[in-house]
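S.K.: This is the structure I have questions about; it appears just below.
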Amino acid sequence: VVYEQEGVFIHSSCGKNDDQDSLIAGVLRVIEKENEVIVDWRPLDDTLDTSNILCAGKDSSSVVEWTQTPKEKCSRGADRPSSYEAEWDMVTTVSFKKKPHSNGDATTHANGESKWSFLFSLTDLKSIKQNKEGMGWSYLVFCLKDDVKLPALHFHHGDSKLLIKCLEKHVVLNESPQDKRILLVNSQNKSLSQSFENLFDEPSYGLLQKLKKDPYTVTMGRFSKVTNYIFDSFRLSDPSSQRRPPSEMADFLNDAIPGLKINQQEEPGFEVITRIDLGKQPEVSRREPVSAEEWAKNMDSEGRILNVDYIKQLIFKGGLCHTLRKEAWKFLLGYFPWNSTKEERANLQKRKTDEYFRMKLQWKSVSEEQEKRNSRLRDYRSLIEKDVNRTDRTNKFYEGEDNPGLILLHDILMTYCMYDFDLGYVQGMSDLLSPVLYVMENEVDAFWCFVSYMDQMHQNFEEQMQGMKTQLIQLSTLLRLLDSGFCSYLESQDSGYLYFCFRWLLIRFKREFSFQDILRLWEVMWTELPCQNFHLLLCCAILESEKQQIMDKHYGFNEILKHINELSMKIDVEYILCKAEAISMQMMNCKELPQAVGEILGTEGSSVTPDSDTGEDEGGPVLSCPTSLYQSISTPVIAANGTGDGTQQMSDTQSLTPA
């Protein structure tokens with residue numbers, strides 16, 4: 001209970017005296033639950049009575065009366081509100097009867113008492129009407145969605161402003177332009193929403209509410225279809241209101257991830273990154289994928305990998321042939337230890353198989369009645385089913401509605417909820433699993449590889465979004481060093497927070513590249529070469545490649561969002577890998593690499609010499625995979641820049657799309 005006030009009255013006209021209202025004293029409370037905030041008012045003589053509560057359902061256009069029916073079980077017919085949640089069940093012996101309600105009506109029961117109790121979730125609140133100044137006791141009228149109005153609450157023993165302050169911690173309240181007494185509600189749920197709703201079915205103003213309370217869903221759902229809806233949606237419910245400026249939209253975006261600060265002076269440990277000459281980007285080429293023969297040559301008679309660093313370097317420079325992925329990915333993801341023998345791996349698989357099916361049995365054995373009483377498990381299942389149904393069907397492995405691949409996706413994700421029940425399922429996880437399952441072609445191996453992948457990625461999906469905040473800040477730092485002019489341009493267009501990269505980081509480019517290309521990209525990133533956070537350099541490579549078009553055509557906030565989004569499935573993975581590697585070498589060779597950048601790339605402890613132009617000098621910043629070795633194992637396939645002059649700018653004829 002975060003707010004409680006006695007002496008809150010309903011003035012009820014019961015028809016006995018036209019000149020005087022009946023005063024019904026009650027207690028008003030605001031209650032915080034795990035996923036919602038409840039406003040609850042009850043008469044003083046009814047504070048412990050659960051019967052006859054007037055409750056506005058989330059989807060109802062009338063007030064619902066709960067009446068006790070001790071001999072009947074709860075009905076699940078069409079008249080039961082869909083918003084009814086298990087944690088709010090009083091008992092199983094409750095039936096539901098919709099009852100029209102208007103302010104001022106009295107509810108008279110057999111015992112002659114009037115009972116007006118009501119409760120509602122803040123997600124249902126549309127507006128609050130306040131009394132005029134100097135008009136006696138202060139009062140509030142709550143108007144719910146579908147224009148359901150609850151009885152006015154009169155504050156005889158206290159000021160209603162304390163309640164308003166309490167509610168403002170959970171929702172945004174704005175004065176109506178038509179009537180300053182009316183506060184319009186913009187919902188702001190502080191917990192991470194895990195819904196996969198079709199946001200295009202909602203009124204446009206709902207986008208802003210969704211964006212602020214849930215950047216995950218909006219980024220994954222809305223940004224995949226970015227058009228001019230951004231500005232069209234930024235209108236008040238009043239059709240006569242004017243379109244808001246881009247800067248205001250950007251301010252709203254900046255608040256979407258609380259605590260995100262990029263290049264702010266007040267940040268502890270802030271380091272000003274001035275314009276630094278990084279020199280020319282070296283020319284980089286890639287080799288052919290690692291073959292089965294190369295893999296076998298690097299393994300001893302007992303199945304141990306002989307030279308782990310060397311095999312990682314081969315994979316970084318060329319990836320893997322597809323026949324090797326089923327085995328090699330288990331090492332790259334950490335499911336198999338690199339120094340294990342074939343026999344040790346077989347024993348590990350046996351233990352992990354037993355462990356997997358024990359966890360799977362846990363949720364498989366939950367009865368329908370048990371699941372009704374477990375809202376979290378029920379919610380996880382619902383979200384997983386929706387997400388699995390949206391799986392990319394361009395790969396034959398997932399074609400068809402009843403495809404075994406889709407069934408396995410569902411089962412593995414449900415089992416993961418048993419493995420990590422606190423994190424559970426968040427939208428985007430199925431994107432990370434589907435390529436892994438496709439490669440493994442085995443339920444158990446896919447699960448444990450996915451667990452290892454989630455160990456790397458879990459911060460992206462945590463409620464406080466700390467992982468996403470950190471990555472966006474780090475990306476801004478790297479991009480500013482690479483091209484401060486471009487960063488300044490993005491800031492001038494209210495795009496300095498790089499929100500258009502949110503989806504890239506959240507699911508590691510899964511929706512930006514084709515299915516086959518993402519297999520190549522991920523296996524390269526899993527080598528953890530040539531430095532920490534190589535995925536951020538991939539972001540830099542894509543943005544730098546698009547810089548010229550964005551700046552030459554003077555793209556604004558909306559155009560930048562639209563342009564970046566439309567790169568999906570048009571990016572040449574080999575070209576971007578070359579360019580990102582070239583950027584890493586360019587930064588490593590920098591004579592005055594800022595400490596903040598060194599920490600991001602994992603080279604903060606390295607020394608820098610003035611003559612490391614090629615990245616081969618031993619005194620330069622130490623890479624996990626030295627540049628000289630890159631050159632010794634690579635064959636020219638695709639160069640990072642077509643002209644070979646090492647300049648940072650791309651010509652108009654260059655593109656991310658293969659010719």
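All residue numbers for the sequence shown refer to full-length UniProt numbering, where the first residue is 1 and numbers rise by one.
Beta carbons are placed, not taken as given, at the ideal position from N, Cα and C, and that holds for glycine.
Since the structure is predicted, the reported quantities are computational estimates derived from the model, not experimental observations.
#1: For Ser340, which residues of its own chain have a beta-carbon under 8 Å away from its beta-carbon, when the five flanking residues on both sides are left out?
#2: So Leu144 and Lys126 are supposed to be a Cβ contact under 8 Å. How far apart are they, rounded?
#3: Could you tell me the distance, in whole angstroms, from the CA atom of Phe509 to the CA atom of Met359?
#4: Starting from Val141, trace the beta strand (DSSP E) both ways and give me its first and last residue.
#5: In this structure, what does DSSP give as the bridge partners for Glu4?
#6: Report the residue ranges of all alpha helix (DSSP H) runs contained in full by the stretch 552 to 589; include only those spanning at least 4 residues, in chain order.
#7: With distances taken Cα to Cα, identify the nearest neighbour of Cys487 among Ser121, Ile550, Cys531 and Tyr310.
#8: What's the C-alpha gap between Leu44 and Ser492?
#9: By a C-beta neighbour count over all protein chains shown, 10 Å radius and 16 as the cutoff for buried, is Ala292 buried or exposed?
#10: In or out: Leu361 buried (at least 16 other Cβ within 10 Å) or exposed?
#11: In whole angstroms, give me the CA-to-CA distance for Cys417 and Asn558.
#12: Between the alpha carbons of Val290 and Val171, how many angstroms are there, rounded?
#13: What does the alpha-carbon distance come out to for the pair Leu23 and Asn374?
#14: Identify which residue in Phe120, Glu32 and Phe447 has its Cα closest to the Cα of Lys149.
#15: I need the boundaries of the beta strand (DSSP E) containing Gln516, first residue and last residue.
#16: Taking the C-alpha atoms as reference points, what is the distance between Glu288 and Ile315?
#17: Considering only C-alpha positions, which residue in the set Gly598, Leu561, Met465 and Ile384 is nearest to Ser434?
#18: Please say whether Ala596 and Val537 have beta carbons closer to each other than 8 Å?
#19: What residues are listed by DSSP as bridge partners for Gln130?
#20: Could you give the DSSP three-state label for Lys280: helix, strand or coil?
#21: Where does Lys312 fall in DSSP's three states?
#22: Report the rounded CA-to-CA distance for Gly156 versus Leu406, giving the unit in angstroms.
#23: Buried or exposed: His554, going by 16 or more other Cβ atoms within 10 Å of its Cβ?
#24: I want to know whether the stretch 457 to 467 touches the stretch 511 to 523 - three or more CB-CB distances under 8 Å.
#25: State the beta-bridge partners of Leu479 as determined by DSSP.
#26: Does the distance from the C-beta atom of Glu443 to that of Lys326 stay below 8 Å?
#27: Under 8 Å by Cβ, that's how I've got Ile542 and Ile583 pegged, so tell me the actual separation to the nearest angstrom.
#28: Quick one: what does DSSP say Lys165 is sitting in, helix, strand or coil?
#29: Given Tyr3, which residues of its chain have a CB within under 8 Å of its CB, disregarding the five upstream and five downstream residues?
#30: Could you name the residues of the same chain whose beta carbon sits closer than 7 Å to that of Thr391, not counting the 5 residues immediately before and after it, in chain order?
#31: Count the other C-beta atoms from every protein chain shown that fall within 10 angstroms of the C-beta of Val308, then say buried if there are 16 or more, exposed otherwise.
#32: Please list the terminal residues of the continuous beta strand (DSSP E) segment that includes Ile507.
#33: Look at Met414 and Arg381 and say whether their C-beta atoms are less than 8 Å apart.
#34: For the candidate residues Trp448, Glu355 and Arg376, whose alpha-carbon lies nearest to that of Asp422?
#35: Entirely within the stretch 310 to 354 and at least 4 residues each: give me those alpha helix (DSSP H) ranges in chain order.
M.R.: Reading off the structure:
#1: Position 340 of the sequence shown, counted from the start, is the residue given in the question as residue 340. Same-chain partners within the cutoff: Gly303, Arg304 and Leu348.
#2: Taking the first residue of the sequence shown as position 1, residue 144 is located at position 144. Taking the first residue of the sequence shown as position 1, residue 126 is located at position 126. About 6 Å separates the two Cβ atoms, so the contact holds.
#3: Position 509 of the sequence shown, counting from 1, holds the residue named residue 509. Position 359 of the sequence shown, counting from 1, holds the residue named residue 359. Roughly 30 Å between the two C-alpha positions.
#4: Here residue 141 refers to the residue found at position 141 when the sequence shown is read from its first residue. Residues Ser138 to Leu144.
#5: Counting from one through the sequence shown, the residue named residue 4 turns up at place 4. DSSP lists Arg29 as the bridge partner or partners of Glu4.
#6: Within the stretch 552 to 589, the complete alpha helix (DSSP H) runs of at least 4 residues fall at 557 to 565 and 573 to 588.
#7: Along the sequence shown, one-based indexing puts residue 487 at 487. Proximity to Cys487 across Ser121, Ile550, Cys531 and Tyr310 peaks at Ile550, based on C-alpha coordinates.
#8: Locating residue 44 in the sequence shown gives position 44, where the first residue counts as 1. Locating residue 492 in the sequence shown gives position 492, where the first residue counts as 1. Straight-line Cα distance between these residues: approximately 58 Å.
#9: One-based indexing of the sequence shown puts residue 292 at position 292. By the beta-carbon neighbour count (other beta carbons within 10 angstroms, threshold 16), Ala292 is exposed.
#10: Looking up residue 361 in the sequence shown gives position 361. With fewer than 16 Cβ atoms within 10 Å of its Cβ, Leu361 is classed as exposed.
#11: Position 417 of the sequence shown, counting from 1, holds the residue named residue 417. Position 558 of the sequence shown, counting from 1, holds the residue named residue 558. Straight through space, the alpha carbons of Asn558 and Cys417 are spaced by roughly 37 Å.
#12: Along the sequence shown, one-based indexing puts residue 290 at 290. Along the sequence shown, one-based indexing puts residue 171 at 171. Distance between the alpha carbons of Val290 and Val171: 55 Å.
#13: Within the sequence shown, numbered from 1, the residue matching residue 23 stands at position 23. Within the sequence shown, numbered from 1, the residue matching residue 374 stands at position 374. Between Leu23 and Asn374, the C-alpha separation is close to 41 Å.
#14: Position 149 of the sequence shown, counting from 1, holds the residue named residue 149. Proximity to Lys149 across Phe120, Glu32 and Phe447 peaks at Phe120, based on C-alpha coordinates.
#15: On the sequence shown, position 516 is the one that residue 516 refers to. That residue, Gln516, is in no beta strand (DSSP E); its alpha helix (DSSP H) goes Phe515 to Trp526.
#16: Against the sequence shown, residue 288 aligns to sequence position 288. Against the sequence shown, residue 315 aligns to sequence position 315. Taking the CA atoms as reference points, Glu288 sits about 9 Å from Ile315.
#17: Along the sequence shown, one-based indexing puts residue 434 at 434. Closest by alpha carbon: Ile384.
#18: On the sequence shown, position 537 is the one that residue 537 refers to. On the sequence shown, position 596 is the one that residue 596 refers to. Checking the sequence, you will find Leu at residue 537 rather than Val. In this structure, Ala596 does not lie closer than 8 Å to Leu537 by Cβ.
#19: Counted from its first residue, the sequence shown places residue 130 at position 130. Leu140, per the DSSP bridge assignment.
#20: Numbered from 1 along the sequence shown, position 280 holds the residue referred to as residue 280. Note: Lys280 maps to coil in three-state DSSP.
#21: Mapped onto the sequence shown, residue 312 falls at position 312. Three-state DSSP puts Lys312 in a helix.
#22: Mapped onto the sequence shown, residue 156 falls at position 156. Mapped onto the sequence shown, residue 406 falls at position 406. It is His, not Gly, that sits at residue 156 in the sequence shown. About 60 Å.
#23: On the sequence shown, residue 554 is found 554 positions in, with the first residue counted as 1. So His554 ends up on the exposed side.
#24: Remark: fewer than three beta-carbon pairs, one from each stretch, lie closer than 8 Å, so the stretch 457 to 467 and the stretch 511 to 523 are not flagged as touching.
#25: Within the sequence shown, the letter at position 479 stands for residue 479. None; Leu479 has no bridge partner.
#26: Stepping through the sequence shown from its first residue, residue 443 is reached at position 443. Stepping through the sequence shown from its first residue, residue 326 is reached at position 326. Going by C-beta atoms, Glu443 is not nearer than 8 Å to Lys326.
#27: Walking along the sequence shown from the start, residue 542 turns up at place 542. Walking along the sequence shown from the start, residue 583 turns up at place 583. Wrong, their Cβ atoms sit about 11 Å apart, outside the cutoff.
#28: The sequence position of residue 165 within the sequence shown is 165, counting from 1. In this structure, Lys165 counts as helix in the three-state DSSP scheme.
#29: For this step, residue 3 is matched to residue 3 along the sequence shown. For Tyr3, where only same-chain residues beyond five positions count, the Cβ hits under 8 Å are Leu28, Arg29, Val30, Leu162, Leu163 and Cys166.
#30: Reading the sequence shown from its first residue, position 391 is the one you call residue 391. Once the five neighbours on either side are set aside, the close Cβ partners of Thr391 are Tyr398, Leu406, Leu409, Ser430 and Ser434.
#31: On the sequence shown, position 308 is the one that residue 308 refers to. Exposed, because fewer than 16 other Cβ atoms sit within 10 Å of the Cβ of Val308.
#32: The residue given as residue 507 occupies position 507 in the sequence shown. For Ile507, there is no enclosing beta strand (DSSP E), since its DSSP letter is neither H nor E.
#33: Locating residue 414 in the sequence shown gives position 414, counting from the first residue. Locating residue 381 in the sequence shown gives position 381, counting from the first residue. Yes, the pair counts as a contact, with Cβ atoms nearer than the cut-off.
#34: Indexing the sequence shown from 1 puts residue 422 at position 422. With distances taken between Cα atoms, Asp422 lies closest to Arg376.
#35: As for any alpha helix (DSSP H) of minimum length 4 sitting wholly inside the stretch 310 to 354, the runs are 322 to 332, ordered along the chain.
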